[in-house]
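Novice: Pasting a structure here, questions to come.
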């Protein structure tokens, strides 16, 4: 329950959510008090005032029959808002018990329940509701209940997934050992963990239901033609749009604002409970970084931002994640280094040393709930940590590129390689599609594709690992960046392909003076490609220097341990020993 409450609080902290909630509460209260706020009868006709604009008597004007738009808006909205609760309630009544049992018991119960849900997803909802409307003589309640049954599958999947995850928690095992009954375990230990995702899904479902009922009203189904409803008002406005466009403004604004507000709240809740939203990377001066002792290791001094040939400068970077007790745990501490133009700079360390987090911080891509708490990242003198998300999007790809460890993560499986390259090139270089395709083919040839046209026509699943990595590099180069961040670019490849990718990166550096930040744990790759190297351990940069100096004469014990752990080929008699 605590995690659900925390997620809800996180969602409510967003200004857009507050604005949406204020609108939803306001429109709900206004519709509930329609008889007080809009005393004019929504069915009262005044043909002498048809299509009148906003005035003292009719605040939002009148329709073709002289009926007050403001009154019809409030009276019509209340019916929709209340009726939309019926399908959501039906979905919850069916899906919550079913999802809890399927996720907890698994086995044949899960199989049978999932089979039924798959059938519900396969049914065309609108067609089924239209058929029910014909059979039940346009009975709104029956149609709403039917729609709730049809849409219960989405809630079922959320509850089932959350229950299956909660079933593996230690305190659930403890409850089983204590021989608590299944109903008690489900109600006391499982259900609280489902609450957050369930509320988020319910809000999203309510938004879709509200829009669906409005569509039915627009089609003349469910709601009586004499009864005011937003769908009927939208239809009337559409019929008179050419001569009297004002009719569409009040109902269009109310409908759009309500659906948008519901979607914003629902999506914010979904992001909060799933942890997908990335917070701002701007350092927060109100929350200082914990003073973590350096364990006797003296990190390199701060990077100087005044160096004329420094393309990228990382200066005293700190990245923190919240601990379970509410305190912040620094995972990157006081890291400073510089990249010169045309240089290959290696950032090495074992898994968990903070090297990938450091690289992602440079691009403003630290995953939630981590955040950059202090420091500077200067790209040609511009502090990237001071940019907002819109400004960062203009920097990513065009000035600094990223090659991910898993090449398939950079490729969309739904589109061909050529179309993805075309899109990136059009975005960053502002060229037409035909010109973009030629640039894409040139890029594929540049990264070593023997038949660029054939590769451009393939989907990602049709590519081998080496070709996929070359395509990922081409995507990263599509915006002509000055700096390329490569996060373990050879980790998922075999030795032969690794050598090809290393040669490719070196060729690109020589060809275009590309500055490369190479994040890796492979000292063999570092020895082959890097000009300088920095070693990270426990979030700190403990040693930095030329590749030869660091690998052949390491100053720190940790670096010596890394070097000693790396396999080396034996040296034959008469040969000079070198690293690697």
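In the numbering used here, the protein residues as written are 12 to 591. We treat Cβ as the ideally placed atom computed from N, Cα and C, and that holds for glycine. These figures come from a predicted structure and were not determined experimentally.
Whose C-alpha, out of 322, 334, 116, is nearest the C-alpha of residue 524?
Specialist: 322
Novice: With 16 other CB atoms within 10 Å as the buried threshold, where does residue 26 fall?
Specialist: exposed
Novice: For the segment 553-578, which segments carrying the alpha helix (DSSP H) assignment without a break, of at least 4 residues, lie completely within its bounds, in sequence order?
Specialist: 558-563, 568-575
Novice: Can you give me the C-alpha to C-alpha distance between residue 494 and residue 410, rounded to a whole angstrom?
Specialist: 7 Å
Novice: By Cβ distance below 7 Å, which residues in the same chain neighbour residue 439 in space, the five residues on each side in sequence not counted?
Specialist: 408, 409, 489, 490
Novice: What number of angstroms, rounded off, separates the C-alpha of residue 465 from the C-alpha of residue 483?
Specialist: 16 Å
Novice: Do you know offhand how far residue 256's Cα is from residue 265's?
Specialist: 15 Å
Novice: Check residue 84 in the structure and name its three-state DSSP category.
Specialist: helix
Novice: Distance, Cα to Cα, residue 175 vs residue 134?
Specialist: 26 Å
Novice: Report the three-state DSSP secondary structure of residue 68 (helix, strand or coil).
Specialist: coil
Novice: For residue 540, does the count of other Cβ atoms within 10 angstroms reach 16, so buried, or fall short, so exposed?
Specialist: When all chains shown are included, residue 540 counts as buried.
Novice: At which residue ranges does the segment 456-529 contain complete alpha helix (DSSP H) runs of 4 or more residues, listed in the order of the chain?
Specialist: 463-467, 476-488, 506-523
Novice: Could you check what DSSP says for residue 389 in three-state terms: helix, strand or coil?
Specialist: In the structure shown, the three-state DSSP call for residue 389 is strand.
Novice: On the premise that residue 479 lies in contact with residue 422, defined as a C-beta separation below 8 Å, what is that separation, rounded to the nearest angstrom?
Specialist: 7 Å
Novice: Just tell me which of 547, 417, 206 has its CA closest to the CA of residue 345.
Specialist: 547
Novice: For residue 103, which residues from the same chain have a beta carbon less than 7 Å from its beta carbon, with the 5 sequence-adjacent residues on both sides left out?
Specialist: So the list reads 166, 213, once near-sequence residues are dropped.
Novice: Give me the residue from 209, 181, 118 with the minimum Cα distance to residue 281.
Specialist: The residue with the shortest Cα to Cα distance from residue 281 is 209.
Novice: Please work out which residues of its chain come closer than 8 Å, Cβ to Cβ, to residue 54, disregarding the five sequence neighbours upstream and downstream, and give them in chain order.
Specialist: 78, 237, 239
Novice: Taking the straight line between their C-alpha atoms, what separation do you get for residue 485 and residue 378?
Specialist: 25 Å
Novice: State buried or exposed for residue 223, treating a residue as buried only when at least 16 other CB atoms are found within 10 Å of its CB.
Specialist: Around the C-beta of residue 223, 16 or more other C-beta atoms lie within 10 Å, and the residue is accordingly described as buried.
Novice: Expressed to the nearest angstrom, what Euclidean distance is found between the alpha-carbon atoms of residue 126 and residue 140?
Specialist: So the alpha carbons of these two residues sit roughly 21 Å apart.
Novice: Quick check on this structure: which residue in 85, 576, 47 has the alpha carbon closest to the alpha carbon of residue 242?
Specialist: 85
Novice: Just the Cα atoms here: how many angstroms apart are residue 273 and residue 217?
Specialist: C-alpha separation (whole angstroms): 8 Å.
Novice: As an exercise, report each continuous beta strand (DSSP E) stretch of at least 3 residues that is fully enclosed by the segment 347-398, in chain order.
Specialist: Listed in chain order, they are 355-359, 382-390.
Novice: Nearest-angstrom Cα distance between residue 364 and residue 529?
Specialist: 15 Å
Novice: Roughly how many angstroms lie between the CA atoms of residue 97 and residue 160, to the nearest whole one?
Specialist: 10 Å
Novice: Using 10 angstroms around the beta-carbon of residue 195, count the other beta-carbons present and answer buried if the total reaches 16, otherwise exposed.
Specialist: exposed
Novice: Between which two residues does the beta strand (DSSP E) containing residue 51 stretch?
Specialist: From DSSP, residue 51 is part of no beta strand (DSSP E); its letter is neither H nor E.
Novice: Tell me the rounded alpha-carbon separation between residue 542 and residue 425.
Specialist: 39 Å
Novice: Tell me the DSSP bridge mates of residue 413?
Specialist: 496
Novice: Below 8 Å on the Cβ atoms is my guess for residue 381 versus residue 331; work out the distance and round it to an integer in Å.
Specialist: 7 Å
Novice: Mind reading off the beta-carbon distance from residue 448 to residue 429? Whole number of angstroms is fine, and I expect it under 8 Å.
Specialist: 7 Å
Novice: Can you give me the Cβ contacts of residue 109 inside the same chain, cut-off strictly under 6 Å, excluding the 5 residues immediately before and after it?
Specialist: 124, 167
Novice: Assuming residue 358 contacts residue 560 under a Cβ cut-off of 8 Å, what Cβ separation, rounded to an integer in Å, is found between them?
Specialist: The C-beta separation of residue 358 from residue 560 comes to about 16 Å, leaving the pair out of contact by the 8 Å criterion.
Novice: Please go through the same chain and pick out, in chain order, the residues whose beta-carbon is closer than 8 Å to the beta-carbon of residue 557, but skip the five residues on each side of it.
Specialist: Excluding sequence neighbours, residue 557 sits near 542, 543, 544.
Novice: Going by beta-carbon coordinates alone, are residue 342 and residue 328 separated by less than 8 Å?
Specialist: no
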